[in-house]
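See structure below.
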Amino acid sequence: METSDVHENAMTTVSELDYIRGLKEGNSVIANFSTIKEKLKYMVSLSISDANKSSGGEWTYVDSQINNYPFDRGYLITLGSSDQNFQFAIKSDGKQMKIRIRIYLHWTNWMTITLT
601 METSDVHENA MTTVSELDYI RGLKEGNSVI ANFSTIKEKL KYMVSLSISD ANKSSGGEWT
661 YVDSQINNYP FDRGYLITLG SSDQNFQFAI KSDGKQMKIR IRIYLHWTNW MTITLT
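Here my numbering is used: position 13 in the sequence shown is 613, and no number is missing along the way.
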């Protein structure tokens, strides 16, 4: 099977998917998107004033500057447990993403994720 790489900025934007590729226990798998979508609906959407106070299993759209969030507007997704979390910050235009990790009481600095 012949494949060719597609640059991120040349990919087509869609609102629905059929499948997502990933790894499970080190093996390459394809997941049905409707199953993933069903699981994601249980995540909680919140309105927050400080990104440090967001706990695992939450997401929010930030429409104004809040404390400890790297962008003026965008999405904040927080996953993890009570003492270890990680956060994704996605700028509203979708062109910048950052991540940081909290281990016990300390958050790391925001780190930029570069997509190529």
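Idealized CB from N, CA, C, for every residue including glycine.
What residue does the beta strand (DSSP E) around residue i start on, and which one ends it?
| i | result |
| --- | --- |
| residue 611 | Residue 611 -> no beta strand (DSSP E), and no H or E assigned at all. |
| residue 677 | 674-680 |
| residue 648 | Neither: residue 648 is in no beta strand (DSSP E) and is coded neither H nor E. |
| residue 687 | 684-691 |
| residue 658 | 658-662 |
| residue 703 | 697-703 |
My output table needs one value for residue i: the three-state DSSP class, helix, strand or coil.
| i | result |
| --- | --- |
| residue 712 | strand |
| residue 653 | helix |
| residue 628 | strand |
In angstroms, rounded to a whole number, what distance separates the CA positions of residue i and residue j?
| i | j | result |
| --- | --- | --- |
| residue 708 | residue 696 | 18 Å |
| residue 686 | residue 680 | 6 Å |
| residue 675 | residue 691 | 7 Å |
| residue 650 | residue 682 | 17 Å |
| residue 672 | residue 616 | 27 Å |
| residue 665 | residue 648 | 11 Å |
| residue 688 | residue 628 | 24 Å |
| residue 711 | residue 618 | 31 Å |
Could you check whether residue j and residue i sit closer than 9 Å to each other, using their CB atoms as the reference points?
| i | j | result |
| --- | --- | --- |
| residue 684 | residue 703 | yes |
| residue 659 | residue 635 | no |
| residue 670 | residue 698 | yes |
| residue 620 | residue 610 | no |
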